[in-house]
Amino acid sequence: MVHILTFCTASQPEIPRHPLELLAAARALSAQLGEGTVHTLCVGPASGAYGEELIHRGADRVLTVECPSVEAEIALAVVESAVRHLAPQVVLLPHDDLSGAYVGPCLAYRLETGIATDCGGFAVQGEDIRWLRPVYGGKAMAYMRIRGPVQLATMRSRAFDPLPADPTRRGEIQSFPADWESVRPQIRVVERLEEKEEGELPLDRAEIIVSGGRGIGSAEGFAVLRELARVLGAAIGGSRPAVDLGWVPHSHLVGQTGKIVAPNLYIAVGISGAAQHIAGAGSSKTIVAINKDSDAPIFKLAHIGVVEEWEKVIPALIEACREWRS
Amino acid sequence: MHIIVCIKQIIDPEVPFHLFRIDPVAKRQIQGTHPLVISTYDEVAVEVALQLKEKVGGRVTALTLGKKEALQALHQTLAMGADDAILLSDLNFEEMDSFGKARVLAAAVRKIGEFDLILCGRQAGDVELGLVGPFLAGELGIPCVPLVANFEVANGTIRMRRPVETGYEILEAPFPLLATITNDTSNVPRYASVKGLRAAMRAPIPCWSSADLGLSADALGPKPLRIEIDELFIPHREMRCELIEGESGAEKARNLAARLKALGLIG
Chain A
15 MVHILTFCTA SQPEIPRHPL ELLAAARALS AQLGEGTVHT LCVGPASGAY
65 GEELIHRGAD RVLTVECPSV EAEIALAVVE SAVRHLAPQV VLLPHDDLSG
115 AYVGPCLAYR LETGIATDCG GFAVQGEDIR WLRPVYGGKA MAYMRIRGPV
165 QLATMRSRAF DPLPADPTRR GEIQSFPADW ESVRPQIRVV ERLEEKEEGE
215 LPLDRAEIIV SGGRGIGSAE GFAVLRELAR VLGAAIGGSR PAVDLGWVPH
265 SHLVGQTGKI VAPNLYIAVG ISGAAQHIAG AGSSKTIVAI NKDSDAPIFK
315 LAHIGVVEEW EKVIPALIEA CREWRS
Chain B
848 MHIIVCIKQI IDPEVPFHLF RIDPVAKRQI QGTHPLVIST YDEVAVEVAL
898 QLKEKVGGRV TALTLGKKEA LQALHQTLAM GADDAILLSD LNFEEMDSFG
948 KARVLAAAVR KIGEFDLILC GRQAGDVELG LVGPFLAGEL GIPCVPLVAN
998 FEVANGTIRM RRPVETGYEI LEAPFPLLAT ITNDTSNVPR YASVKGLRAA
1048 MRAPIPCWSS ADLGLSADAL GPKPLRIEID ELFIPHREMR CELIEGESGA
1098 EKARNLAARL KALGLIG
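Chains as they are written, first to last, in the working numbering: chain A, 15 to 340; chain B, 848 to 1114.
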């Protein structure tokens, strides 16, 4: 019997996509490893509300911990307690700021077990799991072998598509008695500063991203891209030169030293396609490149290309999309 | 304030795809003619350390685990403004995973003695696991504060600034602590001046071996290795870019829109 534990934070009313992707990964893994159950540890104020959906999306058992907020140290204590209590063979965590940079690594240290971070997949042979993850900024891929009492992996977002909801699936939902109240966090958030423009979509949740590079030429040029993003319901991104020149905020940087994204559609405008940028956008399902230079490396990676000055294409593209809308 | 920055030397991560080569047997990148540089986020960590030193005073010690050529990375750190640099080098250090590396770094930190803050880049630019920082905090039994971009000093309190999706979080935690460093517009690494580099080349840099650190081969983490690359390969990307044609930019735009709609990607 192979038991897989997945982790889900529940701080917003709607269930996000990433924990559902983990369930799809867990079911795929479980099918290859043979019989076994998939448990989901759901931590946060909305954990009760997530239970049923998690079961419809692949969990056999949901363990809820209704703590008021999911601070890093509380999350770590709760996950550690669940792993020690349930003794799963595999633990899948989302590769996000909380789990990828803190909960996963700290848990691995405490359990003295190997961990593969930022995984996009796995290969199973018998009982042996090899974890597939990008290395060298996505220029190479590595199958990692990890050893220790439990296989621990953080999975990058959009590596798996959530399973369709199956309302006939049955499972257990129960409260998990984790002692989060006695955790005294040493790291305290004393202030939160909002810096988001009204109505802007975060990069990691967008199905479509419109991204611009040095070729856009100015902040005014980015205003045109923003208009396209608005019409498409897309998020706005930028390559490093565009961010360094101040045309788009740092939080919208797509690349090896920024956000790694994998939307359904990535529209790269005036972006040449440096390795640093491809590391951040190369896993997108469909890449469209718009660039006046037909030799730009981005065309070696794009699925669809338009060789043209962006100023001649984007306004007409906005127009065409608006016509459908109306 | 004594700040220790842990840095790693790697092959220039800006090497373009078509020049990138690997040795599939040794399971690592082939250097070829590409330069060695300080790993991106570690260089940012040096900048963050120097900025904090400028605010509160104190000194910055750079620490690296590597072969002799890693001296070059330490020279650069000194030229940027670090006060001391130490190389940790030993044949025994070459086959270690993140557990072993954290143990060696922890032994070096103990040998250095007093410190207030340790900074590590959020992840190295080669294997990108992001484990050594949190593991080192574990070895030393100090808090690990992930993904910090900078430190602010207000009323004698040092606070950390962390970029999040909605803006920034300001954090407090008891010192000594370890912070993993991410980049934002406030911490773009400064250049090392030529004069600084010349002076740094003459600075003595101690090199500590496993014996200096009192570490036996058994103390270099659990064996067999807990984390290993089993297979390294360059993914085959056979991409044929479908070019959208048209008489004018506007026509290309309309054809592109129609194509994207037909593929169900927009609309």
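Glycine included, each C-beta is placed from N, C-alpha and C at the ideal position.
- Query: By the criterion of Cβ-Cβ separation under 7 Å, what are the contact partners of residue 123 of chain A in chain B?
  - Reply: In the first sequence, residue 123 of chain A corresponds to position 109, counting from 1. Near residue 123 of chain A (Cβ distances below 7 Å), the residues of chain B are 981, 982 and 985.
- Message: Residues of chain A with CB closer than 7 Å to the CB of residue 1069 of chain B, please, in chain order.
- Response: Your numbering for residue 1069 of chain B matches position 222 in the second sequence. Residues of chain A passing the Cβ test: 126.
- Message: For the alpha helix (DSSP H) containing residue 1120 of chain B, name the first residue and the last one.
- Response: It is not possible to answer for residue 1120 of chain B, since the shown part of chain B is limited to 848 through 1114.
- Query: Exposed or buried, which one is residue 1002 of chain B when buried takes at least 16 other CB atoms within 10 Å?
  - Reply: On the second sequence, residue 1002 of chain B is found 155 positions in, with the first residue counted as 1. Classification of residue 1002 of chain B: exposed, given that the 10 Å Cβ count is below 16.
- Message: Please report the distance separating the alpha-carbon of residue 313 of chain A from that of residue 228 of chain A.
- Response: Within the first sequence, the letter at position 299 stands for residue 313 of chain A. Within the first sequence, the letter at position 214 stands for residue 228 of chain A. Those two C-alpha atoms are separated by around 16 Å.
- How would you write the range of the beta strand (DSSP E) that residue 244 of chain A sits in, first residue to last? The residue labelled residue 244 of chain A in the question sits at position 230 within the first sequence. Premise fails: residue 244 of chain A lies in the alpha helix (DSSP H), 233 to 246, not in any beta strand (DSSP E).
- Task: For residue 311 of chain A, name the three-state secondary structure that DSSP assigns.
- Result: The count along the first sequence starts at 1 and reaches residue 311 of chain A at position 297. Three-state result, residue 311 of chain A: helix.
- Integer Cβ distance of residue 909 of chain B from residue 854 of chain B, believed to fall under 8 Å: Taking the first residue of the second sequence as 1, we reach residue 909 of chain B at position 62. Taking the first residue of the second sequence as 1, we reach residue 854 of chain B at position 7. That belief holds up - the Cβ atoms of residue 909 of chain B and residue 854 of chain B are roughly 6 Å apart, short of 8 Å.
- List the residues of chain B that residue 278 of chain A touches, going by C-beta distances under 8 Å, in chain order. Residue 278 of chain A sits at position 264 when you count from the first residue of the first sequence. Going along chain B in sequence order, the residues near residue 278 of chain A (Cβ under 8 Å) are 1112.
- residue 992 of chain B versus B:1022, B:851, B:1004 and B:974, residue with shortest Cα-Cα distance: One-based indexing of the second sequence puts residue 992 of chain B at position 145. Nearest C-alpha to residue 992 of chain B: B:1022.
- Task: Could you work out which residues of chain B lie near residue 21 of chain A, taking near to mean beta carbons separated by less than 8 Å?
- Result: Translated into the one-based positions of the first sequence, residue 21 of chain A becomes position 7. Correct list: empty, because the minimum Cβ distance to chain B is about 16 Å.
- Item | Residue-level contact to chain B via CB, residue 47 of chain A, 9 Å cutoff | Against the first sequence, residue 47 of chain A aligns to sequence position 33. It does not: the Cβ of residue 47 of chain A has no partner Cβ on chain B nearer than 9 Å.
- Task: With 8 Å as the C-beta to C-beta threshold (strictly closer), list the residues of the stretch 995 to 1021 of chain B near chain A in chain order.
- Result: 1006, 1010, 1011, 1012, 1013, 1014, 1015, 1016, 1017, 1018, 1019, 1020 and 1021
- Which partner residues does residue 135 of chain A have in the DSSP bridge list? Residue mapping note: residue 135 of chain A aligns to position 121 of the first sequence, counting from 1. Looking at the DSSP assignment, residue 135 of chain A forms a beta bridge with A:146.
- Is residue 31 of chain A near residue 176 of chain A, with beta carbons less than 9 Å apart? As a position in the first sequence, residue 31 of chain A is number 17, starting the count at 1. As a position in the first sequence, residue 176 of chain A is number 162, starting the count at 1. A contact, by the Cβ cut-off of 9 Å.
- Task: Identify the contact partners of residue 338 of chain A in chain B, using a Cβ-Cβ distance below 9 Å as the criterion.
- Result: Reading the first sequence from its first residue, position 324 is the one you call residue 338 of chain A. Result: 1104, 1108, 1113 and 1114.
- Looking at the structure shown, is residue 789 of chain B part of a helix, part of a strand, or coil, going by DSSP? There is simply no residue 789 of chain B to check, as chain B begins at 848 and stops at 1114 in what is shown.
- Item | Euclidean distance between Cα positions of residue 319 of chain A and residue 289 of chain A | As a working note, residue 319 of chain A is residue 305 in the first sequence. As a working note, residue 289 of chain A is residue 275 in the first sequence. Distance between the alpha carbons of residue 319 of chain A and residue 289 of chain A is about 18 Å.
- Cross-strand partners of residue 305 of chain A (DSSP beta bridge): As a position in the first sequence, residue 305 of chain A is number 291, starting the count at 1. BP columns for residue 305 of chain A point to A:321.
- Could you check the C-alpha separation between residue 946 of chain B and residue 1058 of chain B for me, to the nearest Å? Looking up residue 946 of chain B in the second sequence gives position 99. Looking up residue 1058 of chain B in the second sequence gives position 211. Looking at the two C-alpha atoms, the distance is approximately 18 Å.
- Kindly identify the DSSP beta-bridge partner or partners of residue 191 of chain A. Position 177 of the first sequence holds residue 191 of chain A. DSSP lists no partner for residue 191 of chain A.
- Message: Taking the beta strand (DSSP E) that residue 1075 of chain B belongs to, which residues open and close that run?
- Response: Start at 1 with the first residue of the second sequence, and residue 1075 of chain B comes out as number 228. Looking at the DSSP string, the run of the beta strand (DSSP E) that includes residue 1075 of chain B is 1074 to 1080.
- Query: residue 182 of chain A lies in the alpha helix (DSSP H); which residues open and close that run?
  - Reply: Numbered from its first residue, the first sequence carries residue 182 of chain A at position 168. Per DSSP, residue 182 of chain A belongs to no alpha helix (DSSP H) and is neither H nor E.
- Pick from A:147, A:162 and A:164: whose alpha carbon is nearest that of residue 156 of chain A? Here residue 156 of chain A corresponds to residue number 142 of the first sequence, with the count starting at 1. Of the listed residues, the one whose Cα sits closest to residue 156 of chain A is A:147.
- Query: Taking 9 Å as the CB-CB limit, is residue 869 of chain B close to chain A?
  - Reply: Locating residue 869 of chain B in the second sequence gives position 22, counting from the first residue. By this cut-off, residue 869 of chain B is an interface position.
- Message: Buried or exposed for residue 863 of chain B, going by 16 or more other Cβ atoms inside 10 Å?
- Response: What you label residue 863 of chain B is simply residue 16 of the second sequence in a count that begins at 1. Label assigned to residue 863 of chain B: exposed.
- Task: List the whole-angstrom C-beta distance separating residue 1103 of chain B from residue 951 of chain B, where the pair is believed to meet the contact cut-off of C-beta under 8 Å.
- Result: If you number the second sequence from 1, residue 1103 of chain B lands on position 256. If you number the second sequence from 1, residue 951 of chain B lands on position 104. Not a contact, Cβ separation roughly 54 Å.
- Secondary structure of residue 833 of chain B, DSSP reduced to three states: Residue coverage of chain B in this structure runs from 848 to 1114, which leaves residue 833 of chain B outside it and unanswerable.
- Can you tell me whether residue 252 of chain A is buried or exposed, with buried defined as 16 or more other CB within 10 angstroms of its CB? For this step, residue 252 of chain A is matched to residue 238 along the first sequence. Flag for residue 252 of chain A reads buried.
- N- and C-terminal bounds of the beta strand (DSSP E) containing residue 249 of chain A: In the first sequence, residue 249 of chain A corresponds to position 235, counting from 1. Here the beta strand (DSSP E) through residue 249 of chain A covers 249 to 252.
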